[in-house]
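Trainee: Submitted below is the structure of interest, expressed as structure tokens.
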Amino acid sequence: MTQGIEEIIKGILADPKLTYPQRLTALAGAAENTPDPVPLSREAQWFADRDIVFDMGEGNAPYRPRYVLPDYDTFMRQGSRFLMLDPPGDIWDAVSNLLILYRHVPSVIAGPVYIGHIDRLLDPFVKDEEEARHAIRIFLTHVDRTISDSFCHADIGPYDTKAGRIILELSAQMQRPVPNMSLIYNEHTTDEFACKAIETGLVTAKPSFVNDAMYTADWGREYAIVSCYNALPIGGGGLTLGRLNMKKLGDVAESREHFLDHLLPAAVAAQCEQMDKRDTYILEQGRFLENTFLCSEGLIHRDKFVGMFGMVGLAECVNTVLKLEKPEERYGHGREAQEFALLILDRMHEQIKAYKPKYGRFEMHGQVGIATDTGVTPNTRIPVGEEPPLHDQLLFTALTQKHFAAGIGELFPFEETAKKNPMAVLDIIKGAFGEGMRYFSFYSSSSDVVRVTGYLVKRSDIERFDAGEACLGNSTVLGSGASRGLHIFERSVRQVPQEKD
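Its first residue numbered 1, the sequence shown is counted upward by one per residue in the numbering used here.
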């Protein structure tokens with residue numbers, strides 16, 4: 001049994017900054033952590049004891065998948081016998097049915113991390129635009145006030161729809177961090193619609209842009225972006241997310257050869273073992289799929305769940321192992337650093353894809369970091385404060401994102417003047433996608449809503465929380481820690497050319 005459970009519970013109950021739902025979630029997490037952790041081999045435990053391999057705090061007794069992606073299109077067509085819902089007949093039915101279903105979709109945040117391709121779900125019911133705008137505003141408000149976690153994610157696009165335009169318009173007006181949002185971008189996305197999305201994003205840090213061609217090659221058409229920027233199959237999801245801390249792995253390396261030939265393969269094997277055992281626990285001990293109407297009604301399927309092999313701190317790892325100190329030689333700048341980084345990623349990918357878990361398969365994910373990280377750069381990003389010129393950063397980032405089928409992203413603050421020329425931002429995104437970047441996030445340097453690493457927060461909420469006030473959004477707590485440890489407000493602010501008269 002976990003030591004100190006009584007002290008943990010008392011600490012939760014005494015925390016004045018926790019709302020009732022936040023307190024309830026924390027107490028449930030404490031209970032989940034009372035059993036002993038899923039056992040690991042001695043070799044894997046060595047890495048776990050040093051936080052090189054980490055289970056992302058999913059709990060010692062995982063009883064549900066980390067990310068669940070119901071097939072909402074099927075739900076809208078058939079309704080639900082369990083929830084006693086008929087297929088919707090109008091916009092109000094559609095909004096109501098979705099909000100009811102969200103209450104029953106589990107995840108690591110105790111609510112849905114994916115609420116559907118919402119423009120596609122709602123557009124068939126947009127008959128009167130003013131009525132639809134009213135209904136969709138209520139829908140977005142309800143999601144923000146009840147799920148209250150910006151790991152909750154909605155997708156729109158690629159097509160220009162009435163519902164999509166209403167969603168963008170309302171998102172800009174409301175300026176709320178929930179839901180997080182992505183635009184699926186491909187050859188069917190018009191420049192006009194994309195620029196509308198950019199105008200919204202420069203006000204409220206969403207939507208981000210998704211390179212649909214790359215993710216379709218990985219998953220087929222039926223995938224979604226969820227949580228921060230995680231790519232997963234619709235009708236399934238992610239059973240677990242393990243995290244390999246490359247910075248800490250590099251810290252124990254004796255040499256380049258020791259790292260590549262011994263530490264790296266042993267650490268990858270350790271994380272694969274941990275993920276495999278936790279996935280098995282969820283399905284065999286937790287018996288999640290045997291006890292949910294989501295499965296019996298065909299909204300999720302076991303064979304569509306995967307394991308997510310996450311990693312952070314590649315920059316620090318490369319700089320440490322190669323002993324790079326000169327700015328022009330370091331990660332994101334020097335050729336040796338680039339070649340070593342790509343070699344590491346190639347070897348990791350080869351070993352991960354060769355591993356055969358008991359359930360599903362494993363895919364690589366560029367993890368965004370956690371609130372307690374200090375001096376660890378998310379996924380394969382270049383450290384804040386060391387960014388090269390924008391063009392060079394885009395090219396380097398694209399090279400490092402090839403293997404990350406389960407999602408990876410980079411983000412760029414733009415000067416306020418970018419609002420005058422959204423087409424210039426779109427040209428940057430098109431160029432980045434052409435080079436192989438998977439996911440492009442952006443916001444204005446003057447925005448109150450900002451992207452921390454993958455999730456959204458309001459600067460003003462962080463200020464209130466740091467002053468001792470309780471806040472509605474769960475992500476505010478994480479953003480408060482990340483603002484210090486990850487220097488999120490110190491990123492290089494980029495300029496775009498001004499639109500000519």
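Where is the CB? At the ideal position from N, CA and C, for every residue including glycine.
Identify every run of the beta strand (DSSP E) within the stretch 351 to 394, keeping only runs that are complete inside it and at least 3 residues long; order them along the chain.
Mentor: DSSP runs (the beta strand (DSSP E)) wholly in the stretch 351 to 394: 362 to 366.
Trainee: Here's a check: name, in chain order, each residue in its chain whose Cβ is nearer than 6 Å to the Cβ of Gln78, leaving out the five neighbours to either side.
Mentor: Nothing listed; no residue qualifies.
Trainee: Just tell me which of Gly59, Ala28, Gln22 has its CA closest to the CA of Pro39.
Mentor: Answer by Cα proximity: Gly59.
Trainee: Mind pulling the beta strand (DSSP E) runs of 3 or more residues that sit fully within the stretch 58 to 120?
Mentor: List check, beta strand (DSSP E) in window: 67 to 69, 114 to 117.
Trainee: Using a 10 Å radius around the Cβ and a threshold of 16 neighbouring Cβ atoms, would you call Arg256 buried or exposed?
Mentor: Looking at its Cβ environment, which holds fewer than 16 other Cβ atoms inside 10 Å, Arg256 is exposed.
Trainee: In whole angstroms, what is the alpha-carbon distance linking Pro16 and Gly407?
Mentor: C-alpha separation (whole angstroms): 36 Å.
Trainee: Roughly how many angstroms lie between the CA atoms of Val450 and Thr200, to the nearest whole one?
Mentor: Going by the C-alpha atoms only, they are around 12 Å apart.
Trainee: Per DSSP, Leu411 is paired with what?
Mentor: BP columns for Leu411 point to Ser441.
Trainee: Flag this pair as yes or no: are the beta carbons of Arg243 and Ala315 separated by less than 8 Å?
Mentor: Result no, Cβ atoms of Arg243 and Ala315 do not sit closer than 8 Å.
Trainee: Terminal residues of the continuous beta strand (DSSP E) containing Val496?
Mentor: Note, Val496: premise wrong, no beta strand (DSSP E); not H, not E.
Trainee: Is Thr240 helix, strand or coil when you go by DSSP?
Mentor: Looking at Thr240 - three-state DSSP - the assignment turns out to be strand.
Trainee: Alpha carbon to alpha carbon, what distance is there between Leu121 and Leu275?
Mentor: For the record, residue 275 in the displayed sequence is Met; it is not Leu. Near 33 Å, if we compare the C-alpha coordinates of Leu121 and Met275.
Trainee: Which ranges would you report for the alpha helix (DSSP H) in the stretch 199 to 257 if only whole runs of at least 4 residues count?
Mentor: With a minimum length of 4 residues, the continuous alpha helix (DSSP H) runs that stay inside the stretch 199 to 257 are 212 to 219, 246 to 251.
Trainee: If the criterion is Cβ atoms closer than 8 Å, does the pair Leu299 and Phe75 meet it?
Mentor: Yes, the pair counts as a contact, with Cβ atoms nearer than the cut-off.
Trainee: Between which two residues does the alpha helix (DSSP H) harbouring His134 extend?
Mentor: Taken as a continuous stretch (DSSP letters only), the alpha helix (DSSP H) holding His134 covers 129 to 146.
Trainee: List the DSSP bridge partners of Asn319.
Mentor: Bridge partners of Asn319: none, in fact.
Trainee: Could you give the residue range of the alpha helix (DSSP H) that holds Asp155?
Mentor: That residue, Asp155, is in no alpha helix (DSSP H); its beta strand (DSSP E) goes 153 to 156.
Trainee: Output needed for Ile234: all residues of its chain with C-beta closer than 7 Å, excluding positions within five of it in sequence on either side, in chain order.
Mentor: Once the five neighbours on either side are set aside, the close Cβ partners of Ile234 are Leu69, Asp71, Glu222, Tyr223, Ala224.
Trainee: Out of Lys356, Phe305, Tyr281, point me to the one whose CA is closest to Pro35's CA.
Mentor: Comparing Cα-Cα distances from Pro35 to each of Lys356, Phe305, Tyr281, the minimum goes to Tyr281.
Trainee: What's the gap between the Cα of Phe465 and the Cα of Pro177?
Mentor: Roughly 15 Å between the two C-alpha positions.
Trainee: Among residues of its own chain, excluding the 5 on either side of Asn421, which ones have a beta-carbon nearer than 8 Å to its beta-carbon?
Mentor: The residues are Val496, Pro497, Gln498, Glu499.
Trainee: Alpha helix (DSSP H) containing Lys458: first to last residue?
Mentor: No alpha helix (DSSP H) holds Lys458; the beta strand (DSSP E) holding it covers 456 to 458.
Trainee: Thinking Phe305 and His365 are a contact (beta carbons under 8 Å), I'd like their distance in whole angstroms, please.
Mentor: No, Phe305 and His365 are not in contact; Cβ-Cβ is about 14 Å, not under 8 Å.
Trainee: Under a three-way DSSP split, which group does Met275 fall into?
Mentor: Met275 falls in the helix class under three-state DSSP.
Trainee: What whole-angstrom Cβ distance do Leu399 and Leu342 have, given they're in contact under 8 Å?
Mentor: Yes, Leu399 and Leu342 are in contact; Cβ-Cβ is about 6 Å, under 8 Å.
Trainee: Tell me which same chain residues have a C-beta within less than 6 Å of the C-beta of Lys181, skipping the five on either side of it?
Mentor: Looking at the sequence shown, residue 181 is not Lys but Met. Excluding residues within five positions, the ones whose Cβ falls inside 6 Å are Ala154, Lys206, Pro207.
Trainee: Could you tell me which residues DSSP puts in a beta bridge with Leu550?
Mentor: A question about residue 550 goes unanswered here, because the residues of the chain that appear run from 1 up to 501.
Trainee: Let's test the definition: count the other Cβ atoms within 10 Å of the Cβ of Lys326 and tell me whether it reaches 16, buried, or not, exposed.
Mentor: Result: exposed.
Trainee: If you follow the beta strand (DSSP E) that Val126 is in, where does it begin and where does it stop?
Mentor: Careful: Val126 lies outside any beta strand (DSSP E) and carries neither H nor E.
Trainee: Would you mind working out which of Asp149, Asp303, Leu263, Leu294 sits nearest Gly111, comparing C-alpha positions?
Mentor: The shortest C-alpha separation from Gly111 is found at Asp149.
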